[in-house]
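Chemist: Chains as they are written, first to last, in numbering that gives the first Met the number 0: chain A, 0 to 134; chain B, 0 to 134; chain C, 0 to 134; chain D, 0 to 134; chain E, 0 to 134; chain F, 0 to 134.
All C-beta atoms in this analysis are idealised placements derived from N, C-alpha and C, irrespective of residue type, glycine included.
6 protein chains.
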Amino acid sequence: MIYLTRRESFSASHQLFNPKFSEKENFEIYGKCAYPHGHGHNYDIEVTVVGEPDKDTGMILDLKKLSEIIEKEILDKVDHKHLNIDVNFLNGILPTAENLCVVFWKILAPKISAGKLYSIKVFETPNNYSEYRGE
Amino acid sequence: MIYLTRRESFSASHQLFNPKFSEKENFEIYGKCAYPHGHGHNYDIEVTVVGEPDKDTGMILDLKKLSEIIEKEILDKVDHKHLNIDVNFLNGILPTAENLCVVFWKILAPKISAGKLYSIKVFETPNNYSEYRGE
Amino acid sequence: MIYLTRRESFSASHQLFNPKFSEKENFEIYGKCAYPHGHGHNYDIEVTVVGEPDKDTGMILDLKKLSEIIEKEILDKVDHKHLNIDVNFLNGILPTAENLCVVFWKILAPKISAGKLYSIKVFETPNNYSEYRGE
Amino acid sequence: MIYLTRRESFSASHQLFNPKFSEKENFEIYGKCAYPHGHGHNYDIEVTVVGEPDKDTGMILDLKKLSEIIEKEILDKVDHKHLNIDVNFLNGILPTAENLCVVFWKILAPKISAGKLYSIKVFETPNNYSEYRGE
Amino acid sequence: MIYLTRRESFSASHQLFNPKFSEKENFEIYGKCAYPHGHGHNYDIEVTVVGEPDKDTGMILDLKKLSEIIEKEILDKVDHKHLNIDVNFLNGILPTAENLCVVFWKILAPKISAGKLYSIKVFETPNNYSEYRGE
Amino acid sequence: MIYLTRRESFSASHQLFNPKFSEKENFEIYGKCAYPHGHGHNYDIEVTVVGEPDKDTGMILDLKKLSEIIEKEILDKVDHKHLNIDVNFLNGILPTAENLCVVFWKILAPKISAGKLYSIKVFETPNNYSEYRGE
């Protein structure tokens, strides 16, 4: 079994603010991330697929095709967007790094045609990141 | 003469859209950067001071103090903010990386107490950055 | 289950030298790391917590609070220090990257208030690092 | 149990082209990677060993010795070489990142004298990498 | 005046070997870089343009357009190629990092439609790079 | 004219404390850097040489030879050492990044056999660095 990873990037803005909480509670929970006009990140995502390399091609799946799937299903919809407002598949979902991992997993898992999805990592910054393995 | 550099980071959102232009023109000029709800970056800034190290301290100025100046004058005002809306000193200024360099220079130059400001670099991403040297 | 990681840094010096061994043995075992006046690193540490995001907040725990815990419990005690001499919780422990992982784990595990500690990584350099998962 | 990792680099060229396929099929499968004169990468490899640190040395094994093993067994044979032509142990093996992981594992696993090999990662670029854990 | 930089990447192979020299001389001059089947790198290039930002757009030139120029004029011709064999504009030119800078400058300088070209950097590895400023 | 750069690394400890000042003054000037047992860094140095590439070799000087010069003249003397105690050429010199640049320049400038030394950069951390250009 080989774990094969592709890393991609996008730039987006988001705000962490849950209307179920009061404004005061939101600032207690999310601090600066609750500011009303949002802020942004250069997000990196790492998508890892696990499988056995094909005997003839030496590959699990073509990383260029994996890259195209990520671009079509995720990047085209989130890049240069406001994650709380502009993205259909994030409707009603607070765009924390934790939640983004899970949403991206649900979108990508059925699109992986060879091997299977093993892990999604979402980096908000090089120092803050979140991983989901479908468990 | 020694060139001494301190690198700092902040996360912010912005939108490139000039009301002097039509919507069509804005999208021609700025592409995805003109989307109405903005997008964001992990910005890095590098502030370089030039001067002669003091004979006794071996330093031009204390990098920790330089870091505090940058934090007080810049980071506290832009971090986790929307650059088009939330920042007084960017009022009426389109927040391109080019313009940010110049604005940051004007703020920081008079605050450097030893040596003098040599360069401000603003990185929108590791692949896109802008530098101003006060010329 | 989500794995959430925070990366922090500190600068410290250390020496690898065990008084149980002769000087000759120490140099055979530790090479340049046994030099008598020590050497140093910019250490990076990655602390990973595993848990289920809270339905309402979308977070396992606040990364900013995790960062404050790491700062109070670890960084304040090791940053700009000599690990063999200045750090109470390293008394009698040879400060290899392997041992630092385990010591940091013991300190941090009981402080994690939501989710639970999954992994501690200690990077001596970008090319040399050690991980402990509590097993 | 501690996981200890050493990262090393080499520069090499390779071509992805399987003579079992027609030229047209090769370009469909491998795209630009099938160009006849090959292309190249700065490869990074991460070798992770798992074990219990020795009570007296505080180490699983000496990273400097691990580095020397990797250099002698792998780097001396692949650095500045064409992986399809110049490397005996890759004879008849298509040098995809997936296959390189497995080959490097087979070479290194019997050479690890303390602890045991846990993982080999091969990075073709910072955005494309492959991992094998011997399973 | 603002200095605006765009960073791009490509993967290629090359060989440092001058037929004017004997084989022995080539190995004395170029060491491992003279191996007959070549080796490769993930090359990074940084293209810096200098100019005054337009009052209305806040930009010297659109980095996305600069990126497209670099892609069309350089990357499409060198990516996944053997620099000694496959690239018309490198015919008869030894592909050292020094020479690549100068050749890329000659190609790009006349294509920069706003501001003017200030510097080309070519990184063979993160530790080895070359810069040309047209002087 | 081409600017050619080689980056190297070393790990060392140092202390910023000038016996001309009182202990109180030292802590006011240097903060945590004045702690008595020192602290350490993974230092990076970048050495840039400027010159015209030789018509036949396509090189200013061989980067591998430049690397060997840096290793022999600098790294062998500072790596895994305490900069205040163990290094002859730093005798009586406070090892700030500013001073290290100048000292390394004086050592390396006369050893550069082709082209001439243009710049020395010393990075204490990725966020703090100092440059000297011999002016």
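Give, in chain order, every unbroken run of the alpha helix (DSSP H) that is at least 4 residues long and sits entirely within the region 8 to 44 of chain A.
Modeler: 22 to 29
Chemist: Grouping DSSP H, G and I as helix and E and B as strand, with all else coil, what is Leu3 (chain F)?
Modeler: Within the sixth sequence, residue 3 (chain F) is the residue found at index 4, counting from 1. Strand, per DSSP.
Chemist: Taking 9 Å as the CB-CB limit, is Asp78 (chain B) close to chain F?
Modeler: One-based indexing of the second sequence puts residue 78 (chain B) at position 79. Asp78 (chain B) does not count as touching chain F.
Chemist: Below 8 Å on the Cβ atoms is my contact criterion, and I expect Ala113 (chain A) with Ile59 (chain A) to pass it. Report the Cβ-Cβ distance as a whole number of Å.
Modeler: Counting from 1 along the first sequence, the entry for residue 113 (chain A) is found at position 114. Counting from 1 along the first sequence, the entry for residue 59 (chain A) is found at position 60. About 6 Å; that satisfies the 8 Å criterion.
Chemist: Check this for me: beta carbons of Asp61 (chain C) and Tyr29 (chain A), under 9 Å apart or not?
Modeler: For the purposes of this step, residue 61 (chain C) is taken as residue 62 along the third sequence, with counting starting at 1. For the purposes of this step, residue 29 (chain A) is taken as residue 30 along the first sequence, with counting starting at 1. Contact: yes.
Chemist: For the alpha helix (DSSP H) holding Lys105 (chain D), just list the boundary residues, first then last.
Modeler: Position 106 of the fourth sequence, counted from the first residue, corresponds to residue 105 (chain D). 96 to 107 is the span of the alpha helix (DSSP H), which, as asked, contains Lys105 (chain D).
Chemist: Hey, does Glu51 (chain D) have any beta-carbon neighbour from chain E nearer than 9 Å?
Modeler: Along the fourth sequence, one-based indexing puts residue 51 (chain D) at 52. No, Glu51 (chain D) lies away from the interface with chain E (no Cβ there is under 9 Å from its Cβ).
Chemist: Do His13 (chain D) and Leu82 (chain D) count as a contact pair if the criterion is CB distance below 9 Å?
Modeler: Sequence index remark: in the fourth sequence, residue 82 (chain D) carries index 83 (1-based). Sequence index remark: in the fourth sequence, residue 13 (chain D) carries index 14 (1-based). In this structure, His13 (chain D) lies closer than 9 Å to Leu82 (chain D) by Cβ.
Chemist: Report the rounded CA-to-CA distance for Asn17 (chain D) versus Gly91 (chain D), giving the unit in angstroms.
Modeler: Residue mapping note: residue 17 (chain D) aligns to position 18 of the fourth sequence, counting from 1. Residue mapping note: residue 91 (chain D) aligns to position 92 of the fourth sequence, counting from 1. Taking the straight line joining both Cα atoms gives about 10 Å.
Chemist: For the putative contact between Glu134 (chain A) and Lys110 (chain A), defined by C-beta atoms under 8 Å, what is the C-beta separation to the nearest angstrom?
Modeler: Here residue 134 (chain A) refers to the residue found at position 135 of the first sequence. Here residue 110 (chain A) refers to the residue found at position 111 of the first sequence. In fact, because the Cβ distance is near 20 Å, the residues do not count as touching under 8 Å.
Chemist: If you run the structure through DSSP and keep just helix, strand and coil, what is Glu134 (chain F)?
Modeler: What you label residue 134 (chain F) is simply residue 135 of the sixth sequence in a count that begins at 1. If DSSP states are grouped into helix, strand and coil, Glu134 (chain F) belongs with coil.
Chemist: Out of D:Leu99, D:Val101, D:Leu93, D:Ser10, which one is the CA nearest neighbour of His38 (chain E)?
Modeler: Counting from one through the fifth sequence, the residue named residue 38 (chain E) turns up at place 39. His38 (chain E) has its Cα closest to that of D:Ser10, out of D:Leu99, D:Val101, D:Leu93, D:Ser10.
Chemist: Just the chain E side, please: which residues come within less than 9 Å of Tyr34 (chain D) by C-beta, in chain order?
Modeler: If you number the fourth sequence from 1, residue 34 (chain D) lands on position 35. Ordered by position in chain E, the residues that pass the 9 Å Cβ test against Tyr34 (chain D) are His79, Lys80, His81, Asp85.
Chemist: Give a yes or no on whether the minimum CB-CB distance between Asp75 (chain F) and chain E is below 9 Å.
Modeler: Counted from its first residue, the sixth sequence places residue 75 (chain F) at position 76. Chain E, which has no Cβ nearer than 9 Å to the Cβ of Asp75 (chain F), makes this no.
Chemist: Here's a check: name, in chain order, each residue in its chain whose Cβ is nearer than 6 Å to the Cβ of Val101 (chain C), leaving out the five neighbours to either side.
Modeler: Numbered from 1 along the third sequence, position 102 holds the residue referred to as residue 101 (chain C). The answer, listed in chain order, is Tyr131.
Chemist: Taking His79 (chain C) and Asp85 (chain F) to be in contact with their CB atoms under 8 Å, please state how far apart those CB atoms are, rounded to whole angstroms.
Modeler: Sequence index remark: in the third sequence, residue 79 (chain C) carries index 80 (1-based). Sequence index remark: in the sixth sequence, residue 85 (chain F) carries index 86 (1-based). So it is not a contact: roughly 19 Å between Cβ atoms.
Chemist: Of the choices E:Asp55, E:Leu93, E:Lys23, whose alpha-carbon is the least far from that of Phe20 (chain B)?
Modeler: Taking the second sequence and counting its residues from 1, one reaches residue 20 (chain B) at position 21. Nearest C-alpha to Phe20 (chain B): E:Asp55.
Chemist: Can you grab the Cα-Cα spacing for the pair Glu97 (chain E) / Pro52 (chain F), in whole Å?
Modeler: Along the fifth sequence, one-based indexing puts residue 97 (chain E) at 98. Along the sixth sequence, one-based indexing puts residue 52 (chain F) at 53. Rounded to whole angstroms, Glu97 (chain E) to Pro52 (chain F) spans 7 Å at the Cα level.
Chemist: Starting from the C-beta of Cys32 (chain A), find all residues in its chain whose C-beta is less than 6 Å away, skip the five residues before and the five after it, and write them out in chain order.
Modeler: In the first sequence, counting from the first residue as 1, residue 32 (chain A) sits at position 33. Result list for Cys32 (chain A): Leu15, in chain order.
Chemist: Tell me, which residues are paired with Ile119 (chain D) by DSSP?
Modeler: In the fourth sequence, residue 119 (chain D) corresponds to position 120, counting from 1. In the DSSP output, where bridge partners are listed per residue, Ile119 (chain D) has D:Val46, D:Tyr131.
Chemist: Give me whichever residues DSSP pairs with Thr124 (chain F) in a beta bridge.
Modeler: Walking along the sixth sequence from the start, residue 124 (chain F) turns up at place 125. In the DSSP output, where bridge partners are listed per residue, Thr124 (chain F) has F:Asn127.
Chemist: Which same chain residues end up closer than 7 Å to Tyr2 (chain D) when comparing Cβ atoms and leaving out the 5 residues on each side of it in sequence?
Modeler: Residue mapping note: residue 2 (chain D) aligns to position 3 of the fourth sequence, counting from 1. For Tyr2 (chain D), where only same-chain residues beyond five positions count, the Cβ hits under 7 Å are Thr47, Val49, Tyr117.
Chemist: Look at the alpha carbon of Phe88 (chain E) and the alpha carbon of Thr95 (chain F), and state the distance between them as a whole number of angstroms.
Modeler: The sequence position of residue 88 (chain E) within the fifth sequence is 89, counting from 1. The sequence position of residue 95 (chain F) within the sixth sequence is 96, counting from 1. The alpha-carbon of Phe88 (chain E) is positioned some 46 Å away from that of Thr95 (chain F).
Chemist: Which term fits Glu27 (chain C), buried or exposed, when burial requires 16 or more other beta carbons within 10 angstroms of its beta carbon?
Modeler: Counting from one through the third sequence, the residue named residue 27 (chain C) turns up at place 28. Exposed, by the Cβ-count rule.
Chemist: Flag Gly30 (chain E) as yes if its beta-carbon sits less than 9 Å from any beta-carbon of chain F, otherwise no.
Modeler: By one-based count along the fifth sequence, residue 30 (chain E) stands at place 31. Yes, its Cβ sits closer than 9 Å to a Cβ of chain F.
Chemist: Can you pull out the residues from the region 2 to 16 of chain D whose beta carbon lies closer than 7 Å to at least one beta carbon of chain C?
Modeler: Tyr2, Leu3, Thr4, Arg5, Arg6
Chemist: Comparing the C-beta of Ile68 (chain A) with each C-beta of chain D, is any distance below 9 Å?
Modeler: Here the question's residue 68 (chain A) lines up with position 69 in the first sequence. Ile68 (chain A) does not count as touching chain D.
Chemist: Output the distance between the C-alpha atoms of Lys23 (chain E) and Arg6 (chain F), rounded to the nearest integer angstrom.
Modeler: Counting from one through the fifth sequence, the residue named residue 23 (chain E) turns up at place 24. Counting from one through the sixth sequence, the residue named residue 6 (chain F) turns up at place 7. Distance between the alpha carbons of Lys23 (chain E) and Arg6 (chain F) is about 28 Å.
Chemist: Is the CB of Thr124 (chain D) under 9 Å away from at least one CB in chain E?
Modeler: If you number the fourth sequence from 1, residue 124 (chain D) lands on position 125. Yes, because at least one Cβ of chain E sits closer than 9 Å to the Cβ of Thr124 (chain D).
Chemist: Output, in chain order, the set of chain D residues within a Cβ distance shorter than 8 Å of Glu45 (chain C).
Modeler: Here the question's residue 45 (chain C) lines up with position 46 in the third sequence. Neighbours of Glu45 (chain C) across chain D, judged by C-beta separation under 8 Å, do not exist; the nearest C-beta is about 12 Å away.
Chemist: Given a limit of 7 Å on CB to CB distance, which residues of the region 88 to 119 of chain F reach chain B?
Modeler: Per Cβ criterion, the list reads Leu93, Thr95, Glu97, Asn98, Cys100.
Chemist: For the alpha helix (DSSP H) containing Ile73 (chain C), name the first residue and the last one.
Modeler: Here residue 73 (chain C) refers to the residue found at position 74 of the third sequence. No alpha helix (DSSP H) contains Ile73 (chain C), which DSSP labels as neither H nor E.
Chemist: Which residues of chain E have a Cβ atom closer than 7 Å to the Cβ of Asn41 (chain D), listed in chain order?
Modeler: To locate residue 41 (chain D), count along the fourth sequence from 1; it is residue 42. Under the 7 Å cutoff, chain E gives His40, Asn41, Thr124.
Chemist: Quick one: what's got a C-beta closer than 7 Å to Glu123 (chain F)'s C-beta in the same chain, skipping five residues either side?
Modeler: By 1-based counting over the sixth sequence, the position of residue 123 (chain F) is 124. Closer than 7 Å at Cβ, skipping near neighbours: His40, Tyr42, Ala96.
Chemist: Cβ of Phe20 (chain B) less than 9 Å from any chain E Cβ?
Modeler: Here the question's residue 20 (chain B) lines up with position 21 in the second sequence. It does; some Cβ of chain E falls within 9 Å.
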